[in-house]
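Novice: Take this structure first; my questions come after.
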Amino acid sequence: MASFDASTLAYPGARHEMMGASTNRRDDVAIWTAIDPETGLGYGKEWALGDTLNVYDTTDRSYLGTLPMDQELKRVQGAKVLDGRMYLSTDIGTKSVYSLDLATAHVAELFQLPIFEGDIRFETEGLAPRELADGGLEMHVERVIDPQAVEGELDAYTRLYRYVLADDPAPVPVPAPLPLSGLAAFGLVLRRS
1 MASFDASTLA
11 YPGARHEMMG
21 ASTNRRDDVA
31 IWTAIDPETG
41 LGYGKEWALG
51 DTLNVYDTTD
61 RSYLGTLPMD
71 QELKRVQGAK
81 VLDGRMYLST
91 DIGTKSVYSL
101 DLATAHVAEL
111 FQLPIFEGDI
121 RFETEGLAPR
131 ELADGGLEMH
141 VERVIDPQAV
151 EGELDAYTRL
161 YRYVLADDPA
171 PVPVPAPLPL
181 SGLAAFGLVL
191 RRS
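Heads up, the sequence shown is in the UniProt record's numbering, so the first residue is 1 and it goes up one at a time.
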(Lines of atoms letter the chains of each structure in order from A; the text may use other names.)
(Lines give C-alpha, C1' and ligand atoms only; values in the text may rest on other atoms or scores of the structure.)
Protein backbone atom coordinates (compact mmCIF):
# COMPACT_ATOMS: atom_id res chain seq x y z
CA MET A 1 0.00 0.00 0.00
CA ALA A 2 1.27 3.47 -0.81
CA SER A 3 0.19 6.71 0.84
CA PHE A 4 -0.03 10.08 -0.89
CA ASP A 5 -0.14 13.59 0.53
CA ALA A 6 -3.82 14.59 0.42
CA SER A 7 -3.07 18.24 -0.42
CA THR A 8 -0.44 17.85 -3.12
CA LEU A 9 -0.88 14.20 -4.18
CA ALA A 10 2.89 13.90 -3.79
CA TYR A 11 4.19 10.37 -3.26
CA PRO A 12 6.59 10.25 -0.30
CA GLY A 13 8.19 7.05 -1.58
CA ALA A 14 7.05 4.71 1.18
CA ARG A 15 5.26 1.48 0.37
CA HIS A 16 3.83 -0.91 2.93
CA GLU A 17 3.23 -4.60 2.33
CA MET A 18 -0.28 -5.74 3.15
CA MET A 19 -0.28 -9.25 4.47
CA GLY A 20 -3.33 -11.28 5.37
CA ALA A 21 -4.10 -14.54 7.09
CA SER A 22 -1.58 -17.34 6.64
CA THR A 23 -4.41 -19.42 5.16
CA ASN A 24 -4.48 -17.17 2.08
CA ARG A 25 -3.01 -19.52 -0.51
CA ARG A 26 -3.22 -17.02 -3.35
CA ASP A 27 -1.40 -14.08 -1.75
CA ASP A 28 -3.85 -11.60 -3.28
CA VAL A 29 -4.75 -9.48 -0.27
CA ALA A 30 -4.35 -6.01 -1.80
CA ILE A 31 -6.79 -5.97 -4.69
CA TRP A 32 -8.43 -3.01 -2.92
CA THR A 33 -8.39 -1.29 0.45
CA ALA A 34 -11.17 0.52 2.29
CA ILE A 35 -10.55 2.88 5.20
CA ASP A 36 -13.10 3.54 7.93
CA PRO A 37 -12.54 7.22 8.78
CA GLU A 38 -14.42 6.87 12.08
CA THR A 39 -12.32 4.01 13.51
CA GLY A 40 -9.07 4.43 11.58
CA LEU A 41 -9.19 0.78 10.56
CA GLY A 42 -8.33 -0.37 7.06
CA TYR A 43 -9.81 -3.39 5.33
CA GLY A 44 -8.81 -5.62 2.44
CA LYS A 45 -9.96 -8.96 1.12
CA GLU A 46 -8.54 -11.78 -0.91
CA TRP A 47 -9.96 -11.47 -4.41
CA ALA A 48 -10.71 -15.11 -5.11
CA LEU A 49 -11.35 -16.42 -1.63
CA GLY A 50 -14.37 -16.21 0.52
CA ASP A 51 -15.72 -15.20 3.87
CA THR A 52 -13.23 -13.01 5.76
CA LEU A 53 -11.94 -9.44 5.62
CA ASN A 54 -8.39 -8.58 6.58
CA VAL A 55 -8.24 -5.77 9.17
CA TYR A 56 -5.32 -3.31 9.40
CA ASP A 57 -4.24 -0.50 11.70
CA THR A 58 -3.84 2.51 9.40
CA THR A 59 -1.38 4.31 11.70
CA ASP A 60 1.35 1.68 11.36
CA ARG A 61 -0.23 -0.46 8.59
CA SER A 62 -0.01 -3.58 10.73
CA TYR A 63 -2.22 -6.60 10.15
CA LEU A 64 -4.67 -6.98 13.07
CA GLY A 65 -6.56 -10.12 12.05
CA THR A 66 -9.67 -11.10 10.13
CA LEU A 67 -13.36 -10.30 10.37
CA PRO A 68 -15.46 -13.39 9.49
CA MET A 69 -18.48 -12.52 7.32
CA ASP A 70 -21.73 -14.47 7.41
CA GLN A 71 -21.63 -15.01 3.65
CA GLU A 72 -18.87 -15.79 1.16
CA LEU A 73 -18.01 -13.06 -1.35
CA LYS A 74 -15.71 -13.60 -4.31
CA ARG A 75 -14.21 -11.31 -6.94
CA VAL A 76 -14.69 -8.11 -4.94
CA GLN A 77 -13.32 -5.30 -7.09
CA GLY A 78 -13.80 -2.33 -4.78
CA ALA A 79 -15.16 -1.31 -1.40
CA LYS A 80 -15.87 1.80 0.65
CA VAL A 81 -16.85 2.31 4.30
CA LEU A 82 -19.61 4.73 5.28
CA ASP A 83 -21.25 4.94 8.73
CA GLY A 84 -20.27 1.49 9.94
CA ARG A 85 -21.14 -0.27 6.70
CA MET A 86 -18.90 -1.46 3.94
CA TYR A 87 -20.22 -1.39 0.39
CA LEU A 88 -18.62 -3.90 -2.00
CA SER A 89 -18.80 -4.22 -5.79
CA THR A 90 -18.24 -7.68 -7.25
CA ASP A 91 -17.43 -9.03 -10.68
CA ILE A 92 -19.29 -12.31 -10.21
CA GLY A 93 -21.91 -13.54 -12.68
CA THR A 94 -24.69 -11.43 -11.17
CA LYS A 95 -22.50 -8.27 -10.99
CA SER A 96 -23.89 -7.67 -7.49
CA VAL A 97 -23.24 -4.85 -5.05
CA TYR A 98 -23.34 -5.81 -1.37
CA SER A 99 -23.57 -4.16 2.02
CA LEU A 100 -21.60 -5.47 5.00
CA ASP A 101 -22.49 -4.37 8.54
CA LEU A 102 -19.06 -4.12 10.20
CA ALA A 103 -20.55 -4.58 13.71
CA THR A 104 -22.46 -7.81 12.96
CA ALA A 105 -20.57 -9.06 9.86
CA HIS A 106 -23.92 -9.54 8.09
CA VAL A 107 -23.73 -9.40 4.28
CA ALA A 108 -26.75 -8.36 2.19
CA GLU A 109 -27.08 -8.02 -1.58
CA LEU A 110 -28.25 -4.50 -2.44
CA PHE A 111 -28.70 -4.77 -6.20
CA GLN A 112 -27.38 -6.29 -9.42
CA LEU A 113 -25.93 -4.33 -12.31
CA PRO A 114 -27.27 -4.94 -15.83
CA ILE A 115 -25.85 -7.91 -17.73
CA PHE A 116 -25.02 -7.34 -21.40
CA GLU A 117 -26.07 -9.89 -24.00
CA GLY A 118 -23.79 -11.01 -26.78
CA ASP A 119 -20.05 -11.14 -27.14
CA ILE A 120 -19.18 -8.15 -24.94
CA ARG A 121 -16.59 -8.19 -22.17
CA PHE A 122 -17.41 -6.09 -19.15
CA GLU A 123 -16.01 -5.88 -15.68
CA THR A 124 -17.36 -4.23 -12.55
CA GLU A 125 -14.82 -2.00 -10.82
CA GLY A 126 -15.09 0.43 -7.91
CA LEU A 127 -17.92 2.28 -6.25
CA ALA A 128 -18.60 5.49 -4.32
CA PRO A 129 -21.46 5.71 -1.78
CA ARG A 130 -22.82 9.00 -0.42
CA GLU A 131 -25.52 9.77 2.13
CA LEU A 132 -28.39 11.92 0.92
CA ALA A 133 -30.14 14.64 2.94
CA ASP A 134 -33.33 12.54 3.13
CA GLY A 135 -31.48 9.59 4.70
CA GLY A 136 -31.19 7.63 1.47
CA LEU A 137 -27.99 6.47 -0.14
CA GLU A 138 -26.62 7.42 -3.54
CA MET A 139 -24.11 5.05 -5.04
CA HIS A 140 -22.04 5.26 -8.22
CA VAL A 141 -20.58 2.02 -9.59
CA GLU A 142 -17.97 1.96 -12.36
CA ARG A 143 -17.70 -0.65 -15.09
CA VAL A 144 -15.20 -1.18 -17.88
CA ILE A 145 -16.82 -2.35 -21.09
CA ASP A 146 -15.10 -3.78 -24.16
CA PRO A 147 -17.62 -4.10 -27.01
CA GLN A 148 -15.17 -5.94 -29.28
CA ALA A 149 -14.48 -8.71 -26.75
CA VAL A 150 -11.16 -9.50 -28.40
CA GLU A 151 -8.64 -10.79 -25.89
CA GLY A 152 -5.53 -8.65 -25.74
CA GLU A 153 -6.99 -5.64 -27.55
CA LEU A 154 -8.01 -2.61 -25.56
CA ASP A 155 -11.09 -1.02 -27.06
CA ALA A 156 -12.76 -0.33 -23.75
CA TYR A 157 -14.73 2.49 -22.27
CA THR A 158 -16.13 3.09 -18.83
CA ARG A 159 -19.67 3.55 -17.71
CA LEU A 160 -20.78 4.94 -14.40
CA TYR A 161 -24.07 3.69 -12.95
CA ARG A 162 -25.93 5.73 -10.36
CA TYR A 163 -28.27 4.06 -7.89
CA VAL A 164 -30.41 5.71 -5.24
CA LEU A 165 -31.46 3.53 -2.33
CA ALA A 166 -34.15 4.53 0.14
CA ASP A 167 -34.75 2.71 3.41
CA ASP A 168 -36.91 -0.05 1.96
CA PRO A 169 -37.66 0.06 -1.78
CA ALA A 170 -35.52 -1.50 -4.49
CA PRO A 171 -32.77 0.72 -5.91
CA VAL A 172 -33.48 2.83 -8.94
CA PRO A 173 -30.71 2.63 -11.56
CA VAL A 174 -29.84 5.90 -13.25
CA PRO A 175 -27.07 5.36 -15.86
CA ALA A 176 -24.72 8.33 -16.07
CA PRO A 177 -21.83 8.96 -18.47
CA LEU A 178 -18.35 9.12 -17.02
CA PRO A 179 -16.74 12.33 -18.28
CA LEU A 180 -13.21 11.18 -17.48
CA SER A 181 -13.47 7.83 -19.25
CA GLY A 182 -10.17 8.43 -21.00
CA LEU A 183 -8.40 8.52 -17.64
CA ALA A 184 -10.11 5.32 -16.53
CA ALA A 185 -9.12 3.57 -19.76
CA PHE A 186 -5.55 4.78 -19.26
CA GLY A 187 -5.66 3.37 -15.71
CA LEU A 188 -6.90 0.05 -17.08
CA VAL A 189 -3.99 -0.09 -19.50
CA LEU A 190 -1.56 0.53 -16.65
CA ARG A 191 -3.29 -2.06 -14.45
CA ARG A 192 -3.15 -4.77 -17.10
CA SER A 193 0.44 -4.11 -18.12
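The C-beta atom is built at its ideal place from N, Cα and C for all residues, glycine as well.
What ranges does the alpha helix (DSSP H) occupy inside the region 72-159, keeping only unbroken runs of at least 4 residues that lie completely in it?
Specialist: none
Novice: Going by DSSP in three states, S7 sits in which element: helix, strand or coil?
Specialist: Start at 1 with the first residue of the sequence shown, and residue 7 comes out as number 7. S7 falls in the coil class under three-state DSSP.
Novice: Along the beta strand (DSSP E) that carries T52, what are the first and last residues, could you check?
Specialist: Counted from its first residue, the sequence shown places residue 52 at position 52. From DSSP, the beta strand (DSSP E) with T52 extends over 52-57.
Novice: Y87 to F122, Cα distance in whole Å?
Specialist: Along the sequence shown, read from residue 1 onward, the residue named residue 87 stands at position 87. Along the sequence shown, read from residue 1 onward, the residue named residue 122 stands at position 122. Distance between the alpha carbons of Y87 and F122: 20 Å.
Novice: Please state whether the Cβ-Cβ distance between L64 and V55 is less than 7 Å.
Specialist: As a position in the sequence shown, residue 64 is number 64, starting the count at 1. As a position in the sequence shown, residue 55 is number 55, starting the count at 1. Taking 7 Å as the Cβ cut-off, L64 and V55 qualify as a contacting pair.
Novice: Restricting to Cα atoms, I'd like to know which of Q71, D83, L110, A108 is closest to E38.
Specialist: Translated into the one-based positions of the sequence shown, residue 38 becomes position 38. That would be D83, whose Cα lies nearest to the Cα of E38.
Novice: According to DSSP, simplified to helix, strand and coil, what is R61?
Specialist: Within the sequence shown, numbered from 1, the residue matching residue 61 stands at position 61. It is coil, neither helix nor strand.
Novice: Counting C-beta neighbours from all protein chains within 10 Å, is the total for G78 16 or more, i.e. buried, or is it exposed?
Specialist: The residue given as residue 78 occupies position 78 in the sequence shown. It is buried - the Cβ of G78 has at least 16 other Cβ atoms within 10 Å.
Novice: Please classify P129: is it buried, with 16 or more other beta-carbons within 10 angstroms of its beta-carbon, or exposed?
Specialist: As a working note, residue 129 is residue 129 in the sequence shown. Looking at its Cβ environment, which holds 16 or more other Cβ atoms inside 10 Å, P129 is buried.
Novice: Is DSSP giving G40 helix, strand or coil here?
Specialist: Position 40 of the sequence shown, counted from the start, is the residue given in the question as residue 40. DSSP places G40 in coil when its eight states are reduced to three.
Novice: Nearest CA to the CA of A105: which residue from G42, E17, Q71, S62?
Specialist: Counting from one through the sequence shown, the residue named residue 105 turns up at place 105. Taking only the C-alpha atoms, the option nearest A105 is Q71.
Novice: Tell me the rounded alpha-carbon separation between D5 and T58.
Specialist: Residue mapping note: residue 5 aligns to position 5 of the sequence shown, counting from 1. Residue mapping note: residue 58 aligns to position 58 of the sequence shown, counting from 1. The straight-line gap from Cα to Cα measures roughly 15 Å.
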